[in-house]
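In what follows, a single structure is set out as structure tokens and then discussed.
Protein chains: 2
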Amino acid sequence: MSARRKFRREGEERRRQDLIDATLDSVAEHGLEGATLRTIALRAGVTAGLIRHYFPGKEDLLQEAYATLMGRMTEQAKAALAMEDASPRQRLAAFVTANLDAPIIDQRVFSLWATFIGRAGADPTLARAHREGYLGFRNEVEAVVAEVLAAERRKPDAAELRHHAIAINAIIDGLWIEGCLAGEMFSPGELAAIGIKAVEAELGLGPLELKGGNQ
Amino acid sequence: MSARRKFRREGEERRRQDLIDATLDSVAEHGLEGATLRTIALRAGVTAGLIRHYFPGKEDLLQEAYATLMGRMTEQAKAALAMEDASPRQRLAAFVTANLDAPIIDQRVFSLWATFIGRAGADPTLARAHREGYLGFRNEVEAVVAEVLAAERRKPDAAELRHHAIAINAIIDGLWIEGCLAGEMFSPGELAAIGIKAVEAELGLGPLELKGGNQ
DNA sequence: AGGCTATTTATACACTTGCACAACAACGCC
DNA sequence: GGCGTTGTTGTGCAAGTGTATAAATAGCCT
């Protein structure tokens, strides 16, 4: 009667990934407090003991899960800047749009981000991870801004450029939060439109078509 | 030898407030997971059992703590708009500044906000509380924006006004986050300056002194 | 097919958690 | 001053936590 549970041996990489995904799901659903080893294991379809086989402790699992999350977020965000054959201004607009539409606007990802970042004040490791991700993101923004202004024959100094990047970063972040927390209050594409207009206003860019502007 | 601990009977309101403050401190420092009844009680200078005397359960305590936090945040934020004898534009600038300088820019408050808001996706009560706070805030912004534009003889329609409010809200939120998470990267007043410039750009306001502007 | 090994399960354990309850003592009232 | 009320403490408990470790078995190699 000792019916021991059947199981399959998955590859190491696969199991680690499954466990990390199960961890992120658990955290998103029940918060850090509710993400217990047993909950995570249940979600991953294994028993709790197995986790210790792949991770030294719970803390390590959480850390790797957060790193994975950040990696996915920044990867998706930067991908929008990759368009080769487009004007700087178009690329900037595409970047803003990419950050303010699905799948970046996502309540689950936001919950994860907020839950983890809430501990940045107490956890220096987390704080540094965020700092690096943030600076990387801002540098990308700054680079595109430089290109956009160069195309307009404007020569901003370093401080000006930095301020623009900070402001644009804030616009994107702020709208991202609004969209994640109250997505149904905005029609599709509305946030992106607001974002593009705000960013172009920040950079002092006039409307694209100079003639025929009624209003 | 049964040296029972000495104690004082505090007023009910005082005790509740102390417990709530101790709860917020605990959450800010150790996250929701680390905020146990015993930790909270220790911080409040009482024993754990007492909490049950004032709150039906831990969940209720956390809920009240969150409500208190939100109340303080919005109260401080709105207070900046109260200036009576000032031009709309000055009041808007003061509002932005108030939200981007101490004591609103504060890592502890941010940690609390993030920790709680991270559960908004799973907790409808929290989600609604946030929604109301957010809309209240945005309506305030919208009202000032309307005044500012009116003073400039501009007559925006409702949609335009709404978009401005959303964008300005995003700018403030985004800069607030940047400041809380990496405050030492910005010189004092820098975020506020960036914010004001960004907001005025969003509204299409020219520089205040039209003549003599030597860059 | 049969054995080896490392993945996986299952159980145990010390500890913490939220909650319940009885004993106690601080303070207001007479 | 004594007394009753009730705010407060201390202890207990069942459930759940992370971790440790022994037992089992799936899948590969020959």
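From first to last, the protein sequence lines are chains A and B. 84 is the number that our numbering gives to position 84 of the first sequence; each next residue is one higher, with no gaps. If you want our numbering, it's the position in the second sequence, counting the first as 1, plus 1000. Yeah, the Cβ is synthetic: ideal placement off N, Cα and C, and Gly gets one too.
Whole-Å CB distance - residue i paired with residue j, under 8 Å assumed
i	j	result
Ala77(A)	Phe116(A)	Going by Cβ atoms, the distance from Ala77(A) to Phe116(A) rounds to 17 Å, so no, they are not a contact pair.
Val1144(B)	Leu1092(B)	5 Å
Ala98(A)	Ile105(A)	Actually they do not touch by this definition, with Cβ atoms about 10 Å apart.
Asp25(A)	Arg38(A)	Actually they do not touch by this definition, with Cβ atoms about 14 Å apart.
Tyr54(A)	Leu19(A)	6 Å
Any chain A beta carbon closer than 8 Å to residue i
i	result
Gly1204(B)	yes
Ala1077(B)	no
Arg1119(B)	yes
Ala1150(B)	no
Ile1177(B)	yes
Arg1131(B)	yes
Ile1166(B)	yes
Tyr1134(B)	yes
Leu1181(B)	yes
Gly1057(B)	no
Ala1198(B)	yes
Ser1111(B)	yes
Thr1039(B)	no
Ala1114(B)	yes
Ile1104(B)	no
Glu950(B)	Residue 950(B) lies beyond the residue range present for chain B, which begins at 1001 and ends at 1215; the question has no answer from this structure.
Arg1108(B)	yes
Cα-Cα separation between residue i and residue j, rounded to whole angstroms
i	j	result
Asn1214(B)	Ile1196(B)	Because the pLDDT at Asn1214(B) is just 46, under 50, the model does not fix this residue reliably, and the point stays unresolved.
Ala1122(B)	Ala1129(B)	13 Å
Val1027(B)	Arg52(A)	28 Å
Arg1089(B)	Gly174(A)	22 Å
Phe1186(B)	Lys1155(B)	36 Å
Ala1065(B)	Val46(A)	37 Å
Ile166(A)	Arg1008(B)	51 Å
Leu210(A)	Gln1107(B)	For Leu210(A), the predicted model reports a pLDDT of 47, less than 50, meaning its position is unreliable; a value from the coordinates is still stated below. If I take the Cα positions, the gap works out to 45 Å.
Asn1139(B)	Asn1169(B)	10 Å
Asp21(A)	Ala1094(B)	45 Å
Glu1013(B)	Lys1006(B)	21 Å
Ala1041(B)	Asp1101(B)	32 Å
Ala1159(B)	Ile1194(B)	25 Å
Ala150(A)	Gly1204(B)	22 Å
Ala1198(B)	His163(A)	9 Å
Gly1071(B)	Trp1176(B)	18 Å
Ala182(A)	Tyr1134(B)	10 Å
Gly1212(B)	Glu152(A)	In this prediction, Gly1212(B) has a pLDDT of 44, which is less than 50 and means its spatial position is unreliable; nothing more can be read from the coordinates.
Ala1067(B)	Val1096(B)	24 Å
Pro124(A)	Asp1157(B)	47 Å
Glu147(A)	Ala82(A)	14 Å
Thr1036(B)	Ala1086(B)	47 Å
Gln63(A)	Arg16(A)	13 Å
Residue range of the unbroken alpha helix (DSSP H) whose run includes residue i
i	result
Pro1088(B)	Pro1088 to Asn1099
Leu1109(B)	With the sequence shown as reference, residue 1109(B) is identified as Val, and Leu is not the correct amino acid for it. From DSSP, the alpha helix (DSSP H) with Val1109(B) extends over Gln1107 to Ile1117.
Arg1072(B)	Lys1058 to Ala1079
Lys1197(B)	Glu1190 to Glu1202
Ala1205(B)	Going by the sequence as given, residue 1205(B) is Leu instead of Ala. Note, Leu1205(B): premise wrong, no alpha helix (DSSP H); not H, not E.
Phe1137(B)	Pro1124 to Ala1151
Ala1027(B)	It should be pointed out that residue 1027(B) corresponds to Val in this sequence rather than to Ala. Unbroken alpha helix (DSSP H) run through Val1027(B): Glu1012 to Gly1034.
Asp173(A)	Ala158 to Leu181
Burial state of residue i, where buried means 16 or more other Cβ atoms lie within 10 Å
i	result
Glu200(A)	buried
Thr23(A)	buried
Glu1059(B)	exposed
Glu132(A)	exposed
Glu184(A)	exposed
Arg119(A)	buried
Glu1084(B)	exposed
Ala1114(B)	buried
Ala80(A)	buried
Gly1179(B)	buried
Gln1057(B)	Note on identity: in this sequence residue 1057(B) is Gly, with Gln being the wrong assignment. It is exposed - the Cβ of Gly1057(B) has fewer than 16 other Cβ atoms within 10 Å.
Ser1111(B)	buried
Glu1202(B)	buried
Glu1142(B)	buried
Min CB distance residue i to chain B below 8 Å
i	result
Asn169(A)	yes
His53(A)	no
Pro207(A)	no
Glu64(A)	no
Thr68(A)	no
Gly189(A)	no
Gly174(A)	yes
Arg153(A)	no
Glu273(A)	For residue 273(A) there is no data in the structure shown, the boundaries of chain A being 1 and 215.
Ala122(A)	yes
Gln90(A)	no
Ala48(A)	no
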